[in-house]
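Working notes for the structure below.
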Amino acid sequence: MLDSQSPPPFWPKPPTRLRDVASAVAVGRWLGLAFGICMLTGVFSHMHQHPTAWFPLPTGPTWIFQLTQGLHIATGLVAVPLLLVKLWTVYPKLFSWPPARTVVEILERGSIAVLVAGAMFELVSGLLDTLQWYPWPFGFLQVHWWVAWLTIGALILHIAVKAPKMAQYWRKSARDALPVNSDDSSFDLVPTTVVVDVVEAADVDAHAAAAAGISRRTLLLGAGSAALVVTAVTAGQTLPWLRPLTALAPRKPGAGESVVPINRTAKDAGVLDLVKDPAWRLQVMGSQPLTLSLADLQGMPVTSSRLPIACVEGWSATADWTGVRLRDVLDAAGIDPSTDLRTVSLEPEGGSRSSLLPAAFARDPLTLLALTIDGEELSLDHGWPCRLIAPGRPGVAQTKWLSRIEVATI
Amino acid sequence: MTRVLRWSAGALGVIVMVVAVLGILRDRGETHPIALLVWLGGSIALNDFFIAPIVLLVGFAVVRVVPAVVRPAVIVGLMTAGPVVFIGLPVIYAAHLGSRNPTVLPLDYGRGLFLTLLAVAVVTAVGAGVAVLRARSGRRVAG
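For the protein sequence lines, the chains are A and B, in the order given. Position in the first sequence (from 1) plus 76 gives the number in my numbering. Position in the second sequence (from 1) plus 1291 gives the number in my numbering.
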C-alpha cells in the first residue's frame, strides 16, 4: 500500500494497527448524515435571520423551527462522539509514509486537515455558544456560517475522493465478507506484539485476535451508546418527555423563574426605564399611521395562540399567548396584505433590536401582538408591555418591548 | 460516468471551500482570519497529539488490565463516558463562570455529570456481569 522505501528514523511509527476502513465508513456515514442535517437546518435558520425574497419561508407547522433548530443542536451534539470515533479509526493514516506522493495527494491530505479542523470548530463553537460562554475574538454568527461551508466543501471533496472505498465497504454483507486480518480491516487497539501474545496464549483464531483489541461491533456499539446518552441528557431542552433526564442541557424549561426561558432580560437589553415610561406607545407606520397605548391594545378584540419560543440555541418551550391579531392592526393602519414589515424594539442596540417579518408571517392568523403569556401579563423580561409572537420563527426574531412596526423591503 | 461524477463532486467541493475562504476574508472584521487559522490548526494539534494519544493509552491500559470477557462492555462504557465528559466539562465551567440570568444554565451540572457517569458505570457493570455469565454458561461470547 505504501512505498517500499522506509521512513526516516525520526518518523513516528503508526502506534497501532487500528486502521479499519469498514469502521471508518460505517461511522463516517452517520457522521456525514449528522453534518448534512446540521448544514440544512443551519441554512434554514440563517435564512430566517436574513430573509430574502427568493427563499419563501414556511409559516407552518407552528413547530417547524422548533424541529429544525432542535435537530441542529441535537445532531451537533451527537456528532461529537461520532467525530471522536471517526478520528480515532483513521488516526494511523496520520503517520503514513511517505506523507504524500503527488500534488493531488498533498491537496487531498490538506483537504482532510480542513475537514477535521472545520468539523471540530463547528461542534466546539456551537456547543460553547449554546452555553453563552464564548471566549474568542471572532463573531460567532459569521464564523460558524463560513466555516460550515468550508467544512461541507471539504466533506463533499472527501466523499468524492473516497467514493470507491465507501462503495466497497458500504453494505454490511460486503464488510463481513472481508477477512478480519486483511490489511484493510485488521483492527486492534494495541500494538501487534501484544495481540500476538494474547493470541498465542489463548490459541484461538483470527476473530479472537480482533477481539483482543476491539471489534468493529464493540466500536459501533460504543459510538451508538455515546450518541444515545448524550442525546438523553441534553434533548430535554426541547423535547418535554425527555425533561426528567435533563442533566447537561444548558436550558431546562420550567427551571428558574419562568416556564419559558429567557435569553435577554429587560436589564441586559437596557430597556428597564424605557418600558416604564407612561408615554410608551406602539407606532404602526402605514398609510393611516396608528399610535396605540397599552389600554388601546387591551381594548381591541383579543385572541389566543399556542406557540413556541424556539431559540437558535436549540431549546424551546410552548406557551399560550393572548393579544391582538397583528393582521387586524395592519388592516386598520391601511397596510397592504403583501407588504413585508420590520418590527422594532425599544432596545437601543443588539441583534434582537429589530427583525424582518415577511408578509406571510405578518398575515398569519396566529401571529399576535402578545400581551399575556400562560394567562399572566407579560413579565418585563418576556417583553412587556407588548411583544411579537408568530409561528415557526426563531426566538430572536420574536421582537420584545415593541415600539414600532414599519414597512420594509425584503 | 462514475469518473465524471466523482470529478464533478470533487470540483464542487473545492468551489464551496474557495467561496467559504473568500467569505471569511470578506467578513474579516468579524471573522478575524488569523485568530481563526490559529484555532483551526490548534484543534488538529490538540486532537492528534493530545486527545488521540490519551485514548490510545487508555486503550492500552484496558487491554492490559481488563479481562477479555468483560473488555467489550468496559470499552463501550468508556466510549460513552468520554464524550459525556467532553460535553459536560465546558457546561460545568460555563455555569461556574456565571450566567446572565437564572434561566441560562439553571442546573447543578456537577451533579448532572456525576449521575450520568454513574448510570453509565452501572449499565457497564451489568453488561460486564452478563458477559461473565454467558462465558461461564459456555456460550460464545459476543464481542
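Each residue gets a CB set at the ideal place from its N, CA and C atoms; glycine is no exception. Quantities reported herein were computed from a predicted structural model and do not represent experimental measurements.
Query raised in the report: Would you call the CB atoms of A:Thr227 and A:Gly390 closer than 8 angstroms?
Result: As a first step, residue 227 of chain A must be located in the first sequence, where it is residue number 151. As a first step, residue 390 of chain A must be located in the first sequence, where it is residue number 314. Taking 8 angstroms as the Cβ cut-off, A:Thr227 and A:Gly390 do not qualify as a contacting pair.
Query raised in the report: Tell me, which residues are paired with A:Leu358 by DSSP?
Result: Numbered from its first residue, the first sequence carries residue 358 of chain A at position 282. Residue pairing from DSSP places A:Leu358 in a beta bridge opposite A:Leu368.
Report task. Count the other CB atoms, across all protein chains shown, that sit within 10 Å of the CB of A:Pro329; report buried if there are 16 or more and exposed otherwise. Result -> Counting from one through the first sequence, the residue named residue 329 of chain A turns up at place 253. With at least 16 other beta carbons inside 10 angstroms of its own, A:Pro329 counts as buried.
**Report entry** Proximity test, Cβ basis, 8 angstroms: B:Leu1388 and chain A
**Finding:** As a working mapping, residue 1388 of chain B is identified with position 97 in the second sequence. Yes, B:Leu1388 counts as interfacial toward chain A.
Query raised in the report: Does B:Val1361 have its Cβ less than 8 angstroms from a Cβ in chain A?
Result: Here residue 1361 of chain B refers to the residue found at position 70 when the second sequence is read from its first residue. Answer no: the Cβ-Cβ gap between B:Val1361 and chain A never drops below 8 angstroms.
Requested in this report: Rounded to whole angstroms, what's the CA-CA distance from A:Ser201 to B:Arg1427? Just pull it up for me.
Outcome: As a first step, residue 201 of chain A must be located in the first sequence, where it is residue number 125. As a first step, residue 1427 of chain B must be located in the second sequence, where it is residue number 136. The alpha-carbon separation between A:Ser201 and B:Arg1427 amounts to approximately 48 angstroms.
Query raised in the report: Hey, A:Pro441 and A:Thr138: beta-carbon distance below 8 angstroms or not?
Result: Counting from 1 along the first sequence, the entry for residue 441 of chain A is found at position 365. Counting from 1 along the first sequence, the entry for residue 138 of chain A is found at position 62. No, the Cβ-Cβ distance between A:Pro441 and A:Thr138 is not below 8 angstroms.
Query raised in the report: Are the beta-carbon atoms of B:Leu1327 and A:Val161 separated by less than 8 angstroms?
Result: Within the second sequence, residue 1327 of chain B is the residue found at index 36, counting from 1. Within the first sequence, residue 161 of chain A is the residue found at index 85, counting from 1. Cβ distance not < 8 angstroms, so B:Leu1327 and A:Val161 don't count as in contact.
Query raised in the report: Mapping DSSP to helix, strand and coil, what is A:Ala325?
Result: Against the first sequence, residue 325 of chain A aligns to sequence position 249. Assignment of A:Ala325 by DSSP, reduced to helix, strand and coil, places it in the coil class.
Report task. Using the Cα positions of A:Val103 and A:Leu158, report the straight-line distance between them to the nearest angstrom. Result -> In the first sequence, counting from the first residue as 1, residue 103 of chain A sits at position 27. In the first sequence, counting from the first residue as 1, residue 158 of chain A sits at position 82. Cα to Cα, the separation comes out at about 7 angstroms.
Query raised in the report: Can you give the beta carbon distance from B:Ala1364 to B:Ala1419, rounded, assuming they're within the 8 angstroms contact cut?
Result: Locating residue 1364 of chain B in the second sequence gives position 73, where the first residue counts as 1. Locating residue 1419 of chain B in the second sequence gives position 128, where the first residue counts as 1. Their Cβ separation, rounded to whole angstroms, is 4 angstroms, which keeps B:Ala1364 and B:Ala1419 in contact under 8 angstroms.
Query raised in the report: Is B:Ala1433 helix, strand or coil when you go by DSSP?
Result: Sequence index remark: in the second sequence, residue 1433 of chain B carries index 142 (1-based). Here the model assigns B:Ala1433 a pLDDT of 49, short of 50, so the residue's position is not dependable, and the following value carries that caveat. Correct three-state label for B:Ala1433: coil.
Query raised in the report: In angstroms, rounded to a whole number, what distance separates the CA positions of A:Asp353 and A:Leu422?
Result: Counting from 1 along the first sequence, the entry for residue 353 of chain A is found at position 277. Counting from 1 along the first sequence, the entry for residue 422 of chain A is found at position 346. Those two C-alpha atoms are separated by around 11 angstroms.
Query raised in the report: How about A:Arg469 and A:His148: are their beta carbons less than 8 angstroms apart?
Result: The residue you call residue 469 of chain A lines up with position 393 of the first sequence. The residue you call residue 148 of chain A lines up with position 72 of the first sequence. Contact: no.
**Report entry** Unbroken beta strand (DSSP E) run spanning A:Gly399, endpoints
**Finding:** As a position in the first sequence, residue 399 of chain A is number 323, starting the count at 1. Its beta strand (DSSP E) spans residues Ser392 to Arg401.
Query - Span of the beta strand (DSSP E), counted from its first residue to its last, around A:Ile385 - result: As a position in the first sequence, residue 385 of chain A is number 309, starting the count at 1. First-last of the beta strand (DSSP E) with A:Ile385: Val378 to Ala386.
Query raised in the report: Based on Cα-Cα distance, which residue from A:Pro384, A:Ala239 and A:Val97 lies nearest to A:Asp169?
Result: Position 93 of the first sequence, counted from the first residue, corresponds to residue 169 of chain A. The sequence given here places Lys at residue 169 of chain A; Asp does not occur at that position. Minimum Cα distance to A:Lys169 is reached at A:Val97.
Query raised in the report: Under a three-way DSSP split, which group does A:Val420 fall into?
Result: Against the first sequence, residue 420 of chain A aligns to sequence position 344. Residue state, collapsed to three classes: strand.
Query raised in the report: Which one or two residues does DSSP pair with A:Val483 in a beta bridge?
Result: As a working note, residue 483 of chain A is residue 407 in the first sequence. Note: A:Val483 sits in a beta bridge opposite A:Leu417.
**Report entry** Extent of the continuous beta strand (DSSP E) run through A:Ser431
**Finding:** If you number the first sequence from 1, residue 431 of chain A lands on position 355. From DSSP, the beta strand (DSSP E) with A:Ser431 extends over Ser430 to Leu433.
Query - Contacts that B:Pro1374 makes with chain A (C-beta to C-beta distance below 7 angstroms) - result: Position 83 of the second sequence, counting from 1, holds the residue named residue 1374 of chain B. Ordered by position in chain A, the residues that pass the 7 angstroms Cβ test against B:Pro1374 are Val156, Pro157, Leu160, Ala302 and Val306.
Report task. Run down chain A in chain order and give the residues with a C-beta less than 8 angstroms from the C-beta of B:Ile1378. Result -> Here residue 1378 of chain B is taken as the residue at index 87 of the second sequence, counted from 1. Result: Leu153, Val156, Leu203, Val306, Thr310 and Leu324.
Requested in this report: Look at the alpha carbon of B:Val1411 and the alpha carbon of B:Leu1303, and state the distance between them as a whole number of angstroms.
Outcome: Numbered from 1 along the second sequence, position 120 holds the residue referred to as residue 1411 of chain B. Numbered from 1 along the second sequence, position 12 holds the residue referred to as residue 1303 of chain B. In this structure, the straight-line span from the alpha carbon of B:Val1411 to that of B:Leu1303 is close to 43 angstroms.
Query raised in the report: Given a threshold of 16 other Cβ atoms within 10 Å of its Cβ, counted over all protein chains shown, does A:Gln364 qualify as buried or as exposed?
Result: The residue you call residue 364 of chain A lines up with position 288 of the first sequence. Around the C-beta of A:Gln364, fewer than 16 other C-beta atoms lie within 10 Å, and the residue is accordingly described as exposed.
Query - Closer than 8 angstroms to chain B by CB, A:Tyr245 - result: Looking up residue 245 of chain A in the first sequence gives position 169. By this cut-off, A:Tyr245 is not an interface position.
Requested in this report: Go ahead and pull the three-state DSSP assignment for B:Arg1362.
Outcome: Taking the first residue of the second sequence as 1, we reach residue 1362 of chain B at position 71. In the structure shown, the three-state DSSP call for B:Arg1362 is helix.
Requested in this report: Anything in chain B within Cβ reach of A:Leu358, meaning under 8 angstroms, just list it in chain order.
Outcome: On the first sequence, position 282 is the one that residue 358 of chain A refers to. Residues of chain B with a Cβ closer than 8 angstroms to the Cβ of A:Leu358 do not exist; the shortest Cβ-Cβ separation is about 25 angstroms.
Query raised in the report: If you draw a straight line from the C-alpha of A:Lys241 to the C-alpha of A:Trp87, how long is it?
Result: Sequence index remark: in the first sequence, residue 241 of chain A carries index 165 (1-based). Sequence index remark: in the first sequence, residue 87 of chain A carries index 11 (1-based). Their backbone Cα atoms lie some 27 angstroms apart in a straight line.
Query raised in the report: Would you say B:Ile1345 reaches chain A, if we count a Cβ-Cβ gap shorter than 8 angstroms as a contact?
Result: The residue you call residue 1345 of chain B lines up with position 54 of the second sequence. Judged by the 8 angstroms Cβ criterion, B:Ile1345 is not in contact with chain A.
Query raised in the report: At a cut of 8 angstroms, does the segment 311 to 319 of chain A reach the segment 382 to 397 of chain A through at least three beta carbon pairs?
Result: The segment 311 to 319 of chain A, when compared against the segment 382 to 397 of chain A, does touch it at the 8 angstroms Cβ threshold.
Requested in this report: Would you please state the rounded distance, in angstroms, between the beta carbons of A:Leu478 and A:Thr398? I believe it to be under 8 angstroms.
Outcome: Residue numbering aside, residue 478 of chain A sits at position 402 when the first sequence is read from its first letter. Residue numbering aside, residue 398 of chain A sits at position 322 when the first sequence is read from its first letter. The C-beta distance from A:Leu478 to A:Thr398 rounds to 15 angstroms, too long to meet the 8 angstroms contact threshold.
Query raised in the report: Going along the chain, which residues of its own chain have a beta-carbon closer than 7 angstroms to the beta-carbon of A:Leu107, five neighbours each way excluded?
Result: Numbered from 1 along the first sequence, position 31 holds the residue referred to as residue 107 of chain A. Same-chain partners within the cutoff: Ala155, Leu158, Leu159 and Lys162.
Query raised in the report: If you draw a straight line from the C-alpha of B:Phe1340 to the C-alpha of B:Val1346, how long is it?
Result: Position 49 of the second sequence, counting from 1, holds the residue named residue 1340 of chain B. Position 55 of the second sequence, counting from 1, holds the residue named residue 1346 of chain B. The alpha-carbon atoms of B:Phe1340 and B:Val1346 are separated by roughly 11 angstroms.
**Report entry** For A:Met361 and A:Pro127, the rounded distance between their alpha carbons
**Finding:** For this step, residue 127 of chain A is matched to residue 51 along the first sequence. For this step, residue 361 of chain A is matched to residue 285 along the first sequence. Going by the C-alpha atoms only, they are around 21 angstroms apart.
Query - Rounded Cβ spacing between A:Gly112 and A:Ala224 (contact assumed at less than 8 angstroms) - result: In the first sequence, counting from the first residue as 1, residue 112 of chain A sits at position 36. In the first sequence, counting from the first residue as 1, residue 224 of chain A sits at position 148. Contact flag wrong, Cβ pair sits at about 11 angstroms.
Query raised in the report: Do we get a CB-CB distance below 8 angstroms when we pair B:Arg1427 with the residues of chain A?
Result: Sequence index remark: in the second sequence, residue 1427 of chain B carries index 136 (1-based). Output row for B:Arg1427: interface = no.
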